[in-house]
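Chemist:
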Amino acid sequence: MAQANPSGIDPVAAKQAIVEYATKRGALALGVASLEACERIAPPGHRPTDLFPRVRSVIALGVGGQTRGAWQMPAKAMAYSGSTEVRAYKLAYGLAFFIEQRFGAPSIYVPPDLDPEGGPRVPLQSLKLHAELAGIGARSLAGDILLHPEFGFMYYASVFTELELPVDAPMQENPCPAPSCVNLYRSIGRTPCMKFCPAQCLNGEVDERGQQKVMRYDMATCAELTQEYEAVPKILAEAVRDEVRGVEDGGAARLLDADSKMLWYKVSAGSGAWFAQCFECMRVCPIATRAPLADPILRTEPLRAAKRKG
Amino acid sequence: MAGGMDRAQLGVTEAMLAAYGEEVFRMSHNVQLREGDPVRRLDWAEIERQREGMGLSDAQIADRLGLTRKQVMFIRNSEESKRFRTGQQAYLLELGGSHRFRPERTVRLEARFRYSAAALELRAAFRFDPAQVKHFVGNGWWRDDTLTKWLARHEVTRPEAPALVHGATTVTWKLLAERVARFAEGLRRAGIARGEVVSLQLPNVPEFVIAYLAICRLGAVVSTVHMPYREAEIGTQVRHSRAVAAVCLAQAKNWSPAAAFLSCLKTVVALGPAVPGALSFAELEASPPLDRAVPAPVAADPFLLLYTSGTTAAPKAVPHNYHTMLSNARLSAPEHRLGPEDRILSAAPYAHLFGLYALHIALWTGAAQLLLAEFTPPDLAAAVAAGAPTALWTAPAHIAASRAMGFLDRNAWSSLRLAIMSGSACPPELVRDLAARLPACAVTQLWGMTETQAALYSRPGDAPEVAEQSAGRSSPGNEARVADLNDQIVPAGEEGELQIRGSALFPGFYDNAEATQAAFTADGWYRAGDLARMDAAGNVSITGRLKDAHPHDHQGTASRSVMI
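If you read the protein sequences in the order shown, they are chains R and B. Mapping the first sequence onto this note's numbering, position 33 (from 1) lands on 33, and the numbers just tick up by one. If you want this note's numbering, it's the position in the second sequence, counting the first as 1, plus 1000.
1) Less than 7 Å separating the beta-carbons of residue 1393(B) and residue 1327(B)?
2) For residue 232(R), decide whether its Cβ has a neighbour in chain B, counting only Cβ atoms nearer than 7 Å.
3) So does the region 1353-1369 of chain B actually touch the region 1475-1485 of chain B, counting three or more Cβ pairs closer than 8 Å?
4) Does any residue of chain R have a CB that is nearer than 7 Å to the CB of residue 1035(B)?
5) Can you look up residue 285(R) in the DSSP assignment and give me helix, strand or coil?
6) From 205(R), 102(R) and 136(R), pick the residue whose C-alpha is nearest to that of residue 17(R); which is it?
7) Using the three-state DSSP reduction, which class does residue 1212(B) fall into: helix, strand or coil?
8) For residue 1285(B), which residues from the same chain have a beta carbon less than 8 Å from its beta carbon, with the 5 sequence-adjacent residues on both sides left out?
9) Could you tell me the distance, in whole angstroms, from the CA atom of residue 153(R) to the CA atom of residue 1190(B)?
10) Roughly how many whole angstroms lie between the Cα atoms of residue 182(R) and residue 128(R)?
11) Can at least three beta-carbon pairs, one atom from the region 1518-1527 of chain B and one from the region 1248-1261 of chain B, be found at a separation below 8 Å?
12) With a cut-off of 8 Å, do at least 3 Cβ pairs link the region 285-303 of chain R to the region 144-159 of chain R?
13) Please decide whether residue 1071(B) counts as near chain R, where near means a Cβ-Cβ distance under 7 Å.
14) I need the boundaries of the beta strand (DSSP E) containing residue 1020(B), first residue and last residue.
15) For residue 1059(B), go through chain R and note every residue whose CB falls closer than 7 Å to its CB, in chain order.
16) Would you list, in sequence order, the uninterrupted alpha helix (DSSP H) runs of no fewer than 4 residues that lie entirely inside the region 1110-1185 of chain B?
17) Given that residue 215(R) touches chain B, what residues does it touch there, using C-beta distances under 7 Å?
18) Please name the residue, chosen from 1341(B), 1423(B) and 1300(B), that lies closest to residue 1400(B) on a Cα-to-Cα basis.
19) Reducing DSSP to helix, strand and coil, say where residue 305(R) ends up.
20) Nearest-angstrom Cα distance between residue 1435(B) and residue 1531(B)?
21) Going along the chain, which unbroken runs of the alpha helix (DSSP H) with 4 or more residues stay wholly within the region 117-177 of chain R?
22) Three Cβ pairs or more, each shorter than 8 Å: is that satisfied between the region 1364-1374 of chain B and the region 1211-1225 of chain B?
23) Mind the definition here: the region 1124-1136 of chain B touches the region 1486-1494 of chain B only if three or more C-beta pairs lie below 8 Å; say whether that holds.
24) Helix, strand or coil for residue 1350(B) per DSSP?
25) Between the alpha carbons of residue 303(R) and residue 24(R), how many angstroms are there, rounded?
26) Using a Cβ cut-off of 8 Å, which residues of the region 131-152 of chain R contact any Cβ in chain B, in chain order?
27) Is there a Cβ from chain B that is less than 7 Å from the Cβ of residue 205(R)?
28) Considering only residues of the same chain and omitting the five flanking positions on each side of residue 217(R), which have a CB-CB separation below 7 Å?
29) Start and end of the beta strand (DSSP E) containing residue 1044(B)?
30) Residue 1196(B) to residue 1523(B), Cα distance in whole Å?
31) Compare the C-beta of residue 1(R) with all C-beta atoms of chain B and state if any pair is closer than 7 Å.
32) Taking DSSP's pairing of strands, which residues face residue 1449(B) in a bridge?
33) Have a look at the DSSP bridge pairing and note the partners of residue 1512(B).
34) Once you ignore the five residues that flank residue 272(R) on each side, which residues in its own chain have a CB closer than 6 Å to its CB?
35) Counting contacts by CB-CB distance shorter than 7 Å, is residue 1013(B) in contact with chain R?
36) When you compare only the Cα positions, how much space is there between residue 1396(B) and residue 1431(B)?
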């Protein structure tokens, strides 16, 4: 358990208030990651203290993934519904204000953005690492996407605060692979996510106990198909290509060569309209969509039932 | 750039990119390998051991390779740009909720179909005035017509109704669709692709229709070759059209069309006895049906390339797409009062537009098409007697010859409700005589050209003087005017040049800019080259031809006023 804060705030009571705040506003899970572990695992430049030097606690929260209907959408539409994660960010943003207002402890909503100088696939902070260490998700065979045994596939957001809070432990068990996935793996050598990945970027092994042995994720292949953060630059690039087609002295080739990649990336960085994930691995994942409380309709059935009775 | 600095500021050279690119890419997070679950277990030894497998940050890579972090960033971004394909999300967009990834069904973008240079050249010939396009679409004249769709409609709605009748042979719509699908697959296997031109020289036999529809199904373009054409004309037309294949007779009366085509084409499909070097029509038709996934054409696709003069150094090739060609048939069928229960007989060959017009009317309405392989008065009379057509497409010469030989027997032709005469100037007396012989039949005239299609025609129910003395009035979607040499409209009843414009008009000659320029007025009307008078009701009488050098023709070639 963490020490009481200098201002006399009880860490346990503070955490309880934080959980209540977040839960009331839609968080399905909330945990506090070990700052020490985050600092030790994250590479230099991407550690919590690199962003917020006086951080004392790393809060991770998760909100529900797609609606049940969303999983029935064509892949194209699914991809564009990726901004569901904004719900998580909004909640974390509010939580940072809540902690400052309630406890007087400086806090920040951790920017989920990519490092604009680091290229299209380098985040400022690993929200995944925070959530995993906070015990609200475990790495799956589907490219390390976090899964929760009760809530399935969630979106995560983080808050750094100077408030000292009790730390949670990582999950005891990893829900991935599910028993049905193990059965399929033993039958064909692939789990559903591996089999149905449109980019075939997933590979791995399941051991004799039915647990993850090796996870291999070709992020480059995945990214160029389904997380094409260059999607907007590509649109711009196509427009430029049309404009300068036929121009002498290199024309489009010179404008669009590798050296100019960052230019296009920066042009699009603020657009907020990046092409997100394809979700095919999650669509076929029994945990992501069929964990006990993963389905928003099933999850809220008790509320509706109570209302009917009332 | 990296960190706002260019490569000169960073000190990155081409040599550095070459030397470190591979290693930077490998060390980065582009390929991740995790063994077990070390982070969740907080297994520090394993976390450290697997750190490189899970991907290093630019700073960590910089430490390993002795570079600056910004140099690593620049090299990594350059390497990723070099390696990554863009536009890959196209595959993702093709997936649906129930369509799972199947690698064997995925064709890489770069390996997908690409129009040939010749096909693109032909497609580029379709230039239409945007205002006209808006007008045609807005009025419903241009829709989504394709022969493939029309055939599919009849296959579903009247599968057992006769589509083709040739002698004792009847081909139902269902059977026709099946034979077309099989022959299309045969053509596809022979290398016929979307946009390519295929020469077609066959008489009016079922195989003509099958080949015609199969070529269309593949999105290829038909270039009909007139039956009298021999090696010289065939060679000229094939070269100009950039045809990649031909479908023709193996053997005609005293020559081999297949051999003639083989002298200028590698792919020749011969109907009849085996010809060395040629593919067999029957064998192609024995192919399995074409996969429905093969893209079907759309209405804006080029569809026909017809020659009005194929023997000169500057052939006049008339391109049509489905919009121009099929709108004419669809809009005209009600004007001719034709429907699915009709039986249409064309004495005109399908190689000519007039014959094709009959075929298209049948394909739109679902009427049966009675096939007459080659016109002779006795054969026409026999076809009429045996097939009991309700509509006849014929030329004045056909009727005159049949009458002269005593084949215009009233009883034998009593099934006719409509006769459309076109192809040359029609003497009023001939119309009058035929109408008198067939009182239940509307005898009408039609004027058109390959370029204009059926631009004018008289309608059933028109007054006798209109039917006898005029070529009728504009077909739906088309306009006619009579103009002087300055392209000014002349008063009703005065003689001038007939000019046409509308939704059925061709866009201009293929690969013959000079002829195109000469053929159109400044405001987009096509100069028909015929002298005509128009009455107040819009009925047009052809009065002669501009036989001398066409005043607007920069080449000084003789006017073509050959009717379809």
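Virtual Cβ for every residue (Gly too), placed ideally from N, Cα, C.
Modeler: Let me lay it out:
1) Here residue 1393(B) refers to the residue found at position 393 of the second sequence. Here residue 1327(B) refers to the residue found at position 327 of the second sequence. Note that the C-beta distance between residue 1393(B) and residue 1327(B) is not below 7 Å.
2) Your numbering for residue 232(R) matches position 232 in the first sequence. Any answer about residue 232(R) is weak, because its pLDDT of 48 lies below 50 and its placement is not dependable; what the coordinates show is given next. With 7 Å as the cut-off, residue 232(R) does not count as an interface residue toward chain B.
3) no
4) Against the second sequence, residue 1035(B) aligns to sequence position 35. For residue 1035(B), the answer is yes, since a Cβ of chain R falls inside 7 Å of its Cβ.
5) Within the first sequence, the letter at position 285 stands for residue 285(R). Reduced to three states, the DSSP call for residue 285(R) is coil.
6) Sequence index remark: in the first sequence, residue 17(R) carries index 17 (1-based). Comparing C-alpha distances from residue 17(R) to each of 205(R), 102(R) and 136(R) shows the shortest one belongs to 102(R).
7) In the second sequence, residue 1212(B) corresponds to position 212, counting from 1. It is helical.
8) Mapped onto the second sequence, residue 1285(B) falls at position 285. For residue 1285(B), where only same-chain residues beyond five positions count, the Cβ hits under 8 Å are 1179, 1182, 1183, 1186 and 1210.
9) For the purposes of this step, residue 153(R) is identified with residue 153 of the first sequence, where counting begins at 1. For the purposes of this step, residue 1190(B) is identified with residue 190 of the second sequence, where counting begins at 1. Each residue's Cα considered, the two are about 51 Å apart.
10) Translated into the one-based positions of the first sequence, residue 182(R) becomes position 182. Translated into the one-based positions of the first sequence, residue 128(R) becomes position 128. The C-alpha of residue 182(R) lies about 24 Å from the C-alpha of residue 128(R).
11) Short answer: they don't touch.
12) yes
13) In the second sequence, counting from the first residue as 1, residue 1071(B) sits at position 71. Not one chain R Cβ lies under 7 Å of residue 1071(B).
14) The sequence position of residue 1020(B) within the second sequence is 20, counting from 1. Not the beta strand (DSSP E): residue 1020(B) falls in the alpha helix (DSSP H), residues 1014-1027.
15) As a first step, residue 1059(B) must be located in the second sequence, where it is residue number 59. Residues of chain R whose Cβ lies closer than 7 Å to the Cβ of residue 1059(B) are, in chain order, 43, 44 and 45.
16) For the region 1110-1185 of chain B, whole alpha helix (DSSP H) runs of length 4 or above, ordered along the chain, are 1117-1124, 1130-1138 and 1147-1157.
17) Position 215 of the first sequence, counting from 1, holds the residue named residue 215(R). Here the neighbours are 1034.
18) By one-based count along the second sequence, residue 1400(B) stands at place 400. Per the Cα distances, 1423(B).
19) As a position in the first sequence, residue 305(R) is number 305, starting the count at 1. Helix at residue 305(R).
20) Taking the second sequence and counting its residues from 1, the one referred to as residue 1435(B) is at position 435. Taking the second sequence and counting its residues from 1, the one referred to as residue 1531(B) is at position 531. Whole-angstrom Cα-Cα distance: 26 Å.
21) Counting whole runs of 4 or more residues, the region 117-177 of chain R contains the alpha helix (DSSP H) stretches 127-133.
22) Too few Cβ pairs lie closer than 8 Å, so no.
23) no
24) Numbered from its first residue, the second sequence carries residue 1350(B) at position 350. Coil.
25) As a working note, residue 303(R) is residue 303 in the first sequence. As a working note, residue 24(R) is residue 24 in the first sequence. Near 14 Å, if we compare the C-alpha coordinates of residue 24(R) and residue 303(R).
26) 132, 133, 138, 139, 143 and 144
27) Position 205 of the first sequence, counting from 1, holds the residue named residue 205(R). Not an interface residue.
28) Residue numbering aside, residue 217(R) sits at position 217 when the first sequence is read from its first letter. Taken in chain order, the residues that qualify are 143, 144, 201 and 202.
29) Taking the second sequence and counting its residues from 1, one reaches residue 1044(B) at position 44. Per DSSP, residue 1044(B) belongs to no beta strand (DSSP E); it is in the alpha helix (DSSP H), 1044-1049.
30) Here residue 1196(B) corresponds to residue number 196 of the second sequence, with the count starting at 1. Here residue 1523(B) corresponds to residue number 523 of the second sequence, with the count starting at 1. One C-alpha to the other measures close to 32 Å.
31) Residue numbering aside, residue 1(R) sits at position 1 when the first sequence is read from its first letter. In this prediction, residue 1(R) has a pLDDT of 47, which is less than 50 and means its spatial position is unreliable; nothing more can be read from the coordinates.
32) To locate residue 1449(B), count along the second sequence from 1; it is residue 449. Partner(s): 1453(B).
33) Here residue 1512(B) corresponds to residue number 512 of the second sequence, with the count starting at 1. DSSP, once it has assigned bridges, lists no residue as partnering residue 1512(B).
34) Position 272 of the first sequence, counting from 1, holds the residue named residue 272(R). Bear in mind that a pLDDT of 44 at residue 272(R), under 50, signals an unreliable position, so the model cannot answer this.
35) As a working note, residue 1013(B) is residue 13 in the second sequence. No, its Cβ sits nowhere closer than 7 Å to a Cβ of chain R.
36) In the second sequence, residue 1396(B) corresponds to position 396, counting from 1. In the second sequence, residue 1431(B) corresponds to position 431, counting from 1. Straight across, the Cα-Cα distance linking residue 1396(B) with residue 1431(B) is about 8 Å.
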